[in-house]
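Count the sequence shown with the working numbering and you get residues 245 to 492, in order.
C-beta atoms are modelled at their ideal positions from N, C-alpha and C, and glycine is treated no differently.
Okay, so here's the structure we're looking at.
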Amino acid sequence: MHTSIRRTGQRNCIYAALRQELMNEMFQHIVGDDDSVNYEVDLDRQHFAMVGDKGKVTATAHLLASIAAKPPTLLWGYSDILARFGKATELAHKVRDYGLEHKDDEFASHEVEYTFPPDLDQGLVIASVAHDIGCAAITIFGTEYYYYSSPIGGGSRVVLLLENLSEPVAPITLDYLYARLPRYLQQVDDIAWSLEGFVELMPGWSLELSEDGGMHHARITDESGASIRANYQFDEYDRLKRVEMERQ
245 MHTSIRRTGQ RNCIYAALRQ ELMNEMFQHI VGDDDSVNYE VDLDRQHFAM VGDKGKVTAT
305 AHLLASIAAK PPTLLWGYSD ILARFGKATE LAHKVRDYGL EHKDDEFASH EVEYTFPPDL
365 DQGLVIASVA HDIGCAAITI FGTEYYYYSS PIGGGSRVVL LLENLSEPVA PITLDYLYAR
425 LPRYLQQVDD IAWSLEGFVE LMPGWSLELS EDGGMHHARI TDESGASIRA NYQFDEYDRL
485 KRVEMERQ
């Protein structure tokens with residue numbers, strides 16, 4: 245299992261998901277979203293590009309991890325097997341340093357197993373593991389890097405860290421969060437954990453959590469003092485059954 249990686253990633257997952265959407269919107273605006281769009285990766289040159297008839301976005305690429313389908317394992321970029329990619333893997337050694345410092349084998353081991361639940365699509369599971377890795381990277385590397393995941397054949401995926409994007413990505417705003425938070429709350433393992441992690445990454449933002457007769461409330465305030473509130477309930481099995489949003 246990759247329980248520690250996922251738990252670490254869940255702390256950052258709302259922030260990471262918002263940034264992924266904003267980055268994808270930037271790609272679509274600059275490059276387009278038609279059949280001409282494709283991405284290029286050359287790890288020998290640490291080159292990443294999103295290319296289309298409309299335009300091009302480039303970035304410096306770092307190999308964070310690769311995820312194999314058979315056997316179901318992930319390899320960190322610092323592993324001996326991936327050392328052939330040279331400079332592109334240097335940044336990933338911070339993952340091992342983090343694992344050793346925190347005595348966490350999932351970050352300190354070159355190879356980590358994950359599991360395929362029998363009722364889930366294999367491709368979706370691998371994509372989810374990639375998202376967990378990308379989210380966990382924020383804890384280790386900070387918010388300077390964006391992550392990008394893509395299939396590489398045979399059901400496997402690669403996870404890259406991108407920096408020096410040639411086009412700016414729009415900042416996270418309260419309005420942008422408001423429209424997407426109900427969807428994110430349906431996906432997280434622990435709502436309070438993920439909301440707390442989100443505001444930690446947003447300078448000047450704050451979070452107030454409360455509970456009233458089985459209804460939970462999360463009030464999020466941005467640096468300007470504007471607020472939104474998410475009201476949510478769980479069923480008898482602790483599954484999220486209701487989310488309502490309001491502006492304050």
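With distances taken between CB atoms, is the gap from residue i to residue j smaller than 8 Å?
{"i": "A305", "j": "V285", "result": "yes"}
{"i": "V487", "j": "L451", "result": "no"}
{"i": "I370", "j": "I311", "result": "yes"}
{"i": "P316", "j": "Y358", "result": "yes"}
{"i": "A313", "j": "S400", "result": "yes"}
{"i": "F292", "j": "L307", "result": "no"}
Taking the alpha-carbon positions, what's the residue i to residue j distance?
{"i": "D466", "j": "G458", "result": "26 Å"}
{"i": "S410", "j": "A303", "result": "6 Å"}
{"i": "C257", "j": "M270", "result": "20 Å"}
{"i": "D434", "j": "L445", "result": "17 Å"}
{"i": "L344", "j": "L405", "result": "21 Å"}
{"i": "N475", "j": "S248", "result": "28 Å"}
{"i": "D348", "j": "V356", "result": "12 Å"}
{"i": "S372", "j": "G469", "result": "34 Å"}
{"i": "I325", "j": "L287", "result": "15 Å"}
{"i": "V413", "j": "Q477", "result": "34 Å"}
{"i": "P426", "j": "E334", "result": "38 Å"}
Whole-angstrom Cβ separation of residue i and residue j, contact assumed at under 8 Å?
{"i": "A381", "j": "Y392", "result": "The Cβ separation is near 11 Å, so there is no contact."}
Given 7 Å as the limit, tell me if residue i has its C-beta closer than that to any heavy atom belonging to the ligand ATP.
{"i": "A374", "result": "With respect to small molecules bound, the structure shown includes none, and the ligand ATP cannot be examined in it."}
According to DSSP, is residue i part of a helix, a strand, or is it coil?
{"i": "V413", "result": "coil"}
{"i": "F360", "result": "coil"}
{"i": "F405", "result": "The sequence as given places Leu at residue 405; Phe does not occur at that position. Residue state, collapsed to three classes: strand."}
{"i": "V487", "result": "strand"}
{"i": "E284", "result": "strand"}
| field | Touching by the beta-carbon criterion (3+ pairs, under 8 Å), the region 407–423 and the region 262–278 | value | The region 407–423 and the region 262–278 touch, with no fewer than 3 CB-CB distances between them shorter than 8 Å.
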